[in-house]
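Undergrad:
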Amino acid sequence: MTARIPRFDHREQYRLIRSEILAAIDQVLQSGQLILGPHVASFEQKITEFLGVPGFAVGVGNGTDAIAIALRALQIGAGHEVITVANTAVATISAIRMAGATPIFCEIDPDTLMMDPSDVEHRITSRTRAILPVHLYGNAVNLVAISEIARRHGLRIVEDCAQSLGTTLGGRQTGTWGDVGCFSFYPTKNLGAYGDGGLCFTQDPRLAMEIRRIRAYGCDSSGEAQRPGVNSRLDEMQAAILEVKLRHLPEGLRRRREIAALYQQHLSRIGCDLPLATPGALHSHHLFVVRSNHRDGLVAALAAAGIECGIHYRMPVHLMKAHRTEAFPAGSLPVTEAAATRVASLPCYPELTRQAVIEICEVVNEFGSHASHSEAEACGPTQGSIEC
Ligand SMILES: *Cc1c(COP(=O)(O)O)cnc(C)c1O
Numbered sequence: 087m088t089a090r091i092p093r094f095d096h097r098e099q100y101r102l103i104r105s106e107i108l109a110a111i112d113q114v115l116q117s118g119q120l121i122l123g124p125h126v127a128s129f130e131q132k133i134t135e136f137l138g139v140p141g142f143a144v145g146v147g148n149g150t151d152a153i154a155i156a157l158r159a160l161q162i163g164a165g166h167e168v169i170t171v172a173n174t175a176v177a178t179i180s181a182i183r184m185a186g187a188t189p190i191f192c193e194i195d196p197d198t199l200m201m202d203p204s205d206v207e208h209r210i211t212s213r214t215r216a217i218l219p220v221h222l223y224g225n226a227v228n229l230v231a232i233s234e235i236a237r238r239h240g241l242r243i244v245e246d247c248a249q250s251l252g253t254t255l256g257g258r259q260t261g262t263w264g265d266v267g268c269f270s271f272y273p274t275k276n277l278g279a280y281g282d283g284g285l286c287f288t289q290d291p292r293l294a295m296e297i298r299r300i301r302a303y304g305c306d307s308s309g310e311a312q313r314p315g316v317n318s319r320l321d322e323m324q325a326a327i328l329e330v331k332l333r334h335l336p337e338g339l340r341r342r343r344e345i346a347a348l349y350q351q352h353l354s355r356i357g358c359d360l361p362l363a364t365p366g367a368l369h370s371h372h373l374f375v376v377r378s379n380h381r382d383g384l385v386a387a388l389a390a391a392g393i394e395c396g397i398h399y400r401m402p403v404h405l406m407k408a409h410r411t412e413a414f415p416a417g418s419l420p421v422t423e424a425a426a427t428r429v430a431s432l433p434c435y436p437e438l439t440r441q442a443v444i445e446i447c448e449v450v451n452e453f454g455s456h457a458s459h460s461e462a463e464a465c466g467p468t469q470g471s472i473e474c
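Per my numbering, residue 87 is the first one in the sequence shown, and the count goes up by one each step.
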């Protein structure tokens, strides 16, 4: 059974744009061309326009592939290190390992929860080839500082923009700062397909050509493989759907920001505290993250009220069974590990109503006032500062 207020639901938007979507799907089916045809090319063009700088967009199968293909196009693989964060979707790390490279983790900023530029530099070794900032939650990593470090050390930048389509930093879209910006169109993302999809954006024509080859078995237009590749294409049907939905993206982003402002206005400080936006960033609020010392209790209280939350992310990637290494034991990334125990994501998507947001705030505030009372009782006035 779905929650009364779910974390995400694509059906309300579908109801609103159904005729446009069905017309687009029908057009693809009537065209007789299902793979790498005019809809993919047209969508690539439209998203380049949206990103607002001249460049090349290349549609691929999903966001994970976008990152792995970007690294491969940059000739980053076995024996190379890529610096990223453990506070991310495991997909980021899967992608680095798919390319054959080794993920190296750095800390996050405790206020923004984004990659901490001041912790990047001392993690650079002779094997480091790239920095992979993750614009998590729809916030932006401080790319001014990261770009400066990359320039000094001759490193590439591959941006994980899976959650940040529409986020700007200093007025410039995320995904246009680094060598390659990698996007995901997983259904829940700011621009969601009805299935999987992803995209690489680059301003370098040679890199764009490499990415185009890698997505299609390494082949050029003659059909001869020029290099090893994979099969990772955005298909015509999803591209046609995404082109329709891209027209509605500005309105969706406007709603996300409106919803975030409502949350900020109605959440009391006792209920939770909020991570900050990076200075200069225009947050796209892919997720609305709150923090609480009683996170699991808060999530349970919301669930009891029929409100579904997410946790992004409960376990930092360096602690996951598949990705544990001696270099990053438990305790090695204290800021990241502490943050993971406190975060929860409240419902945040364009179709969420004002009424629902206010109702969610009431549950959070109510829970917060109970939690703070019981905390005061448990600790007593004198022990409070030690125990709490
Ligand atoms: C969703 C996501 C990905 C992966 O995208 P897929 O399309 O699911 O492969 C990568 N990184 C982050 C931060 C994500 O949120």
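For every residue, glycine included, the Cβ atom is placed at its ideal position computed from N, Cα and C.
(1) Please list, in chain order, all residues of the same chain as R90 whose beta carbon is under 6 Å from its beta carbon, the five residues on each side excluded.
(2) Residues in its own chain within less than 6 Å of A326 by CB, not counting five upstream and five downstream?
(3) What is the DSSP secondary structure of S460, counted as helix, strand or coil?
(4) Closer than 8 Å by C-beta to P467: which residues in its own chain qualify, once you throw out the five before and the five after it? Chain order, please.
(5) Just checking Q249 against ligand 1 - is the residue's beta carbon closer than 7 Å to any of the ligand's heavy atoms?
(6) Tell whether a beta-carbon distance below 8 Å holds between V429 and A387.
(7) Under a Cβ-count criterion, where at least 16 other Cβ atoms within 10 Å of its own Cβ denotes burial, should I112 be classed as buried or exposed?
(8) Out of L255, H459 and T178, state which residue places its alpha-carbon closest to the alpha-carbon of C268.
(9) With hydrogens ignored, establish whether the beta-carbon of V429 is closer than 7 Å to any heavy atom of ligand 1.
(10) At which residue ranges does the region 216 to 293 contain complete alpha helix (DSSP H) runs of 4 or more residues, listed in the order of the chain?
(11) Using three-state DSSP, classify C192 as helix, strand or coil.
(12) For E106, which residues of its own chain have a beta-carbon under 6 Å away from its beta-carbon, when the five flanking residues on both sides are left out?
(13) For the alpha helix (DSSP H) containing E98, list its first residue and its last residue.
(14) Quick one, are the C-beta atoms of L160 and R242 less than 8 Å apart?
(15) Looking at the strands, I want to know which residues DSSP matches up with V171.
(16) Please classify P415: is it buried, with 16 or more other beta-carbons within 10 angstroms of its beta-carbon, or exposed?
(17) Can you tell me which of the three DSSP states F94 falls into?
(18) Cutting at 6 Å between CB atoms, please list the residues of its own chain near S270, excluding the five before and the five after it.
(19) When the distance is taken between beta carbons, is I446 closer than 8 Å to P37?
(20) Start and end of the beta strand (DSSP E) containing A430?
(21) Would you say G417 and R93 are within 8 Å of each other, going by their C-beta atoms?
(22) I393 bridges to which residues according to DSSP?
(23) Can you tell me whether DSSP reads I472 as helix, strand or coil?
(24) Give the straight-line distance between the Cα atoms of I162 and T364, rounded to the nearest whole angstrom.
(25) Between M406 and A426, how many whole angstroms is the CB-CB distance? I'm expecting something under 8 Å.
(26) Just to confirm, is the Cβ distance from G480 to H96 under 8 Å?
(27) Helix, strand or coil for A187, going by three-state DSSP, please let me know.
(28) Below 8 Å, can you find three or more Cβ-Cβ pairs linking the region 339 to 358 to the region 366 to 386?
(29) Hey, would you say S250 sits closer than 8 Å to A226, going by beta carbons?
(30) Is S318 buried or exposed, if buried means 16 or more other CB atoms sit within 10 Å of its CB?
(31) My understanding is that V176 touches F191, with C-beta atoms under 8 Å, so please give their C-beta distance in whole angstroms.
(32) Around the Cβ of I345, are there at least 16 other Cβ atoms within 10 angstroms (buried) or fewer (exposed)?
(33) Under 7 Å from any heavy atom of ligand 1, does the C-beta of S270 make it?
(34) With distances taken from CA atoms, which of T214, K132 and V206 is nearest A187?
(35) Three or more C-beta pairs closer than 8 Å, one from the region 127 to 135 and one from the region 299 to 319: is that the case here?
TA: Looking at the coordinates:
(1) The sequence position of residue 90 within the sequence shown is 4, counting from 1. Excluding sequence positions up to five before and after R90, its CB lies within less than 6 Å of the CB of G392, all in the same chain and listed in chain order.
(2) Along the sequence shown, one-based indexing puts residue 326 at 240. Closer than 6 Å at Cβ, skipping near neighbours: A110, V114 and H125.
(3) Sequence index remark: in the sequence shown, residue 460 carries index 374 (1-based). Shown here, S460 sits in a helix according to DSSP, grouped into three states.
(4) What you label residue 467 is simply residue 381 of the sequence shown in a count that begins at 1. Reliability fails at P467, whose pLDDT of 46 lies under 50, so the model's placement of it is uncertain and no value is given.
(5) Within the sequence shown, residue 249 is the residue found at index 163, counting from 1. Q249: yes, Cβ under 7 Å from ligand 1.
(6) In the sequence shown, counting from the first residue as 1, residue 429 sits at position 343. In the sequence shown, counting from the first residue as 1, residue 387 sits at position 301. Against a cut-off of 8 Å, the Cβ pair of A387 and V429 comes out as no contact.
(7) Numbered from its first residue, the sequence shown carries residue 112 at position 26. Reading the sequence as shown, one finds Asp at residue 112 and not Ile. Its Cβ having fewer than 16 others within 10 Å, D112 is exposed.
(8) Position 182 of the sequence shown, counted from the first residue, corresponds to residue 268. Answer by Cα proximity: T178.
(9) As a first step, residue 429 is located in the sequence shown; it is residue number 343 there, counting from the start. The answer is no for V429.
(10) 229 to 239
(11) Within the sequence shown, the letter at position 106 stands for residue 192. C192 falls in the strand class under three-state DSSP.
(12) Along the sequence shown, one-based indexing puts residue 106 at 20. Answer for E106: V330, listed in chain order.
(13) Numbered from 1 along the sequence shown, position 12 holds the residue referred to as residue 98. Where E98 is concerned, the enclosing alpha helix (DSSP H) starts and stops at R97 to S117.
(14) Mapped onto the sequence shown, residue 160 falls at position 74. Mapped onto the sequence shown, residue 242 falls at position 156. Cβ distance < 8 Å, so L160 and R242 count as in contact.
(15) On the sequence shown, position 85 is the one that residue 171 refers to. Partner residues in the beta bridge of V171, as assigned by DSSP, are C192.
(16) Walking along the sequence shown from the start, residue 415 turns up at place 329. Exposed is the call here.
(17) By 1-based counting over the sequence shown, the position of residue 94 is 8. Coil.
(18) In the sequence shown, counting from the first residue as 1, residue 270 sits at position 184. If we look at S270 and ignore the five residues flanking it on each side, its Cβ neighbours are G149, A248 and G284.
(19) Residue 37 lies beyond the residue range present for the chain, which begins at 87 and ends at 474; the question has no answer from this structure.
(20) Residue mapping note: residue 430 aligns to position 344 of the sequence shown, counting from 1. If you look at A430, you'll find it in the beta strand (DSSP E) that goes V429 to L432.
(21) The residue labelled residue 417 in the question sits at position 331 within the sequence shown. The residue labelled residue 93 in the question sits at position 7 within the sequence shown. Not a contact, by the Cβ cut-off of 8 Å.
(22) For the purposes of this step, residue 393 is identified with residue 307 of the sequence shown, where counting begins at 1. Per DSSP, I91.
(23) By 1-based counting over the sequence shown, the position of residue 472 is 386. Confidence is the limiting factor: at I472 the pLDDT is only 37, short of 50, which leaves the residue's position unreliable, though a coordinate-based value still follows. Here I472 sits in helix by DSSP.
(24) Position 76 of the sequence shown holds residue 162. Position 278 of the sequence shown holds residue 364. Computed Cα separation, rounded: 29 Å.
(25) Working through the sequence shown from its first residue, we reach residue 406 at position 320. Working through the sequence shown from its first residue, we reach residue 426 at position 340. The pair is not a contact, with the Cβ atoms about 11 Å apart (cut-off 8 Å).
(26) With the chain running from 87 to 474 in the structure shown, residue 480 is simply not present.
(27) Looking up residue 187 in the sequence shown gives position 101. If DSSP states are grouped into helix, strand and coil, A187 belongs with coil.
(28) yes
(29) For this step, residue 250 is matched to residue 164 along the sequence shown. For this step, residue 226 is matched to residue 140 along the sequence shown. Against a cut-off of 8 Å, the Cβ pair of A226 and S250 comes out as a contact.
(30) As a working note, residue 318 is residue 232 in the sequence shown. Buried, since its Cβ has 16 or more Cβ neighbours within 10 Å.
(31) Walking along the sequence shown from the start, residue 176 turns up at place 90. Walking along the sequence shown from the start, residue 191 turns up at place 105. The pair is not a contact, with the Cβ atoms about 13 Å apart (cut-off 8 Å).
(32) Taking the first residue of the sequence shown as 1, we reach residue 345 at position 259. It counts as buried.
(33) As a working note, residue 270 is residue 184 in the sequence shown. True, at least one ligand heavy atom lies under 7 Å from that Cβ.
(34) Within the sequence shown, the letter at position 101 stands for residue 187. Here the closest residue by C-alpha is T214.
(35) no
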